[in-house]
């Protein structure tokens, strides 16, 4: 790469900064160089976040703290006043902590770099070169919505960088700042744009960006709406899902136990359990509510959430696998879920289990929705039509009905599962390794399975229970086919003609 | 010549090509020239099994001998020791099942007796390679080579390589991986 790495860009010292400037990164960071760069006064000045932002950031913990304080308060009401004083001091300390964190946090946009300084004891100075920003999202949590605030999230190019957060700004300001940052990130002829074009290929997708990567990408530009989940169907679907069934069964059991015992103590002891169950259902509903998928130039944009809204963009060429999930209860209603596996930095989520789940493009939808989405993601769609040999009945009497696989020169598809039918499409060029597995029962029946591993969250397309001859043939031929697909894919990307219709798989 | 038929281009490992009586069901038996880990691997595994079984048998025997009768202690100790010897029989088969083949575009690794596995890992998919050696392996001059891809599930491990051979294989694979590297 011939351009200056953005890290080495000379950074002018903020004139009104009372703090020590960042250490110069290279010998070229002299005041003389800095003076040559154009810099407007507005951009160079430091800004603070909204004063209520500590409150918003405390977010979900706030409810807990509030409850705790209330409980303490009522518990101590009978006692002397000194306990109340202690409580008040605690609350005051928490508030003071928030205020201090607000006071010491500030941000600045200058010369294509967003700088955030934060921390009282452990002072942090974060620099986000806008040229390397992958996406800028505005996220609103529930409380932030009430207060009209929004959080600006920068997604950076690094593999495990957490990205920058500005939490929180007034919503209008956040939107304006996002526009401003995006326009700066692609200002024509600026160092930033050149850096963006030069740094992105090779880091992310196979063979780099498509040729239209040079064109400005406005993440506000309207895309084509592909899917929007129906709220009533979502509620029904969750009630019919495993979480829902467990919740209903659990609550019924609790009520039954309570009725039989007729003692308030039993209820009290079961209360935390009930709260947990309800919370699990609520969390699912909250995260999937209003899920929309929009196709735009910068990829697939997902947006969802009732109280806490999240927005993410799946960039072209990063989908590793597509999975169609049809649980038993949903199948009767003709519903299904469509998930994709995405490589790249793991999103930091509040709960762990969330990060292990695949990203649902369609939390619940009709077959037609799924068909449309699949045809958007995949150019061709082989069906899992090749059925296993009859001897597989003995090994998998239940799932036999749904076992199958198929392939063409671009994709391999495999389906399995009886209660919850899962059909997985894997693009051949994304296959990381191929495994042939034969267990003792399979050996007796002359069967073997072949598994295709792709990057990401342990997704494997499993071609289950084939005859040994066929499995051997698959193992022999698939690596070659995958390698051909990779070569073709790279050539297509280099020529600037992504093969995928929307480019989501590419 | 198609891709699958190209033979491995390295010199064959010491020892005859892998002869496995139950392997007729395995794919690629004829077209791939399998190389196998060092014969010392069996000794390493035996030592490891002994190091686990010995102390357990001794400890259990002593405890029972003190708590119950000396005869019970002796019986338990001998029984556990016998279990270790039986396990050793299986060890030999498991060690014999290991094999790997360097082909033009990918590495093949096979293993397992009860559950048989055979993995194909394209060189271009390699993220990194590491060579490890535990205390027992080190004392015998052996090392384990492991190839990592972006997929968490891919499993390419070759145990019991002589250390020099492991280093050579690692460099070889790294060079091939670099030459054929592709993105995700």
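Residue numbers (the working numbering), protein chains in the order written: chain A, 1 to 506; chain B, 1 to 184.
Positions of the beta carbon are idealized from the N, C-alpha and C atoms, including for glycine.
A Cβ-Cβ contact shorter than 8 Å links residue 168/A with residue 56/A. The continuous alpha helix (DSSP H) containing residue 164/B extends over residues 163-180. Think of a sphere of 7 Å around the beta carbon of residue 106/B: the chain A residues whose beta carbon falls inside it are 479, in chain order. The residue from 288/A, 384/A and 123/A with its alpha-carbon nearest to that of residue 365/A is 288/A.
Between residue 58/B and residue 77/B, the C-beta spacing is below 8 Å.
Between residue 103/A and residue 116/A a beta carbon distance of about 14 Å is seen, past the 8 Å cut, so the two are scored as non-contacting.
For residue 402/A, no beta strand (DSSP E) run applies, since DSSP gives it neither H nor E. By alpha-carbon distance to residue 309/A, the top candidate from 415/A, 286/A, 321/A and 401/A is 286/A.
Contacts with chain B (Cβ-Cβ distance below 9 Å) from the region 456-475 of chain A involve 456, 457, 458, 459, 460, 468, 469, 471, 472, 473, 474 and 475, listed in chain order. Secondary structure note for residue 429/A: it is in no alpha helix (DSSP H), with a DSSP letter that is neither H nor E. If one requires a minimum length of 4 residues, the alpha helix (DSSP H) runs lying completely within the region 410-487 of chain A are 440-445, in chain order. For residue 118/B, the nearest beta carbon of chain A is closer than 8 Å to its own beta carbon. Considering only beta carbons, the part of the region 138-170 of chain B lying closer than 8 Å to chain A consists of 149, 150, 151, 152, 153, 154, 155 and 156, in chain order. Secondary structure note for residue 55/B: its alpha helix (DSSP H) is the uninterrupted segment 40-67. Contact residues of the region 125-137 of chain B toward chain A are 125 (C-beta to C-beta distance below 8 Å). When the beta-carbon positions are compared, residue 46/B and residue 99/B stay at least 8 Å from each other. The beta carbon of residue 114/B falls within 8 Å of a beta carbon belonging to chain A, placing the residue at that interface. Of the candidates 32/B, 42/B and 127/B, 42/B places its Cα closest to the Cα of residue 159/B. Under the DSSP assignment, residue 248/A falls outside any beta strand (DSSP E), being part of the alpha helix (DSSP H) whose first and last residues are 242-261.
For residue 80/B, the uninterrupted alpha helix (DSSP H) segment begins and ends at 70-97. Apart from sequence neighbours up to five positions away, the residues of its chain that approach residue 173/B with a beta-carbon distance below 6 Å are 129, ordered along the chain. In the three-state reduction of the DSSP assignment, residue 115/B falls in the coil class. Taking C-beta atoms under 8 Å as the contact rule, residue 109/B and residue 156/B qualify, at a distance of about 5 Å. Judged by pairs of C-beta atoms under 8 Å, the region 311-318 of chain A does not touch the region 387-406 of chain A, as fewer than three such pairs exist. The residue from 137/A, 100/A and 129/A with its alpha-carbon nearest to that of residue 119/A is 100/A. For residue 282/A, the secondary structure class from DSSP, reduced to helix, strand or coil, is helix. Counting along the chain, residue 155/B sits inside no beta strand (DSSP E), nor does DSSP assign it H or E at all. Residue 385/A sits in coil when the DSSP states are folded into three classes, being neither helix nor strand.
The shortest CA-to-CA distance from residue 127/B to any of 147/B, 63/B, 79/B and 166/B is the one to 147/B.
Rounded to the nearest whole angstrom, the C-alpha separation of residue 181/B and residue 431/A is 13 Å. The beta carbon of residue 47/B does not come within 8 Å of any beta carbon belonging to chain A, so the residue lies off that interface.
For residue 169/A, the enclosing beta strand (DSSP E) starts and ends at 165-170. Across the region 422-438 of chain A, CB contacts with chain B closer than 9 Å involve 429, 430, 431, 432, 433, 434, 435, 436, 437 and 438, in sequence order along the chain. Taking a cut-off of 8 Å on C-beta distances, the region 402-418 of chain A does not touch the region 441-449 of chain A, as fewer than three cross pairs fall below it. For residue 135/B, the enclosing alpha helix (DSSP H) has its first and last residue at 135-139.
Those residues of the region 317-343 of chain A placed with their C-beta closer than 9 Å to a C-beta in chain B are 317, 318, 320 and 343, ordered along the chain.
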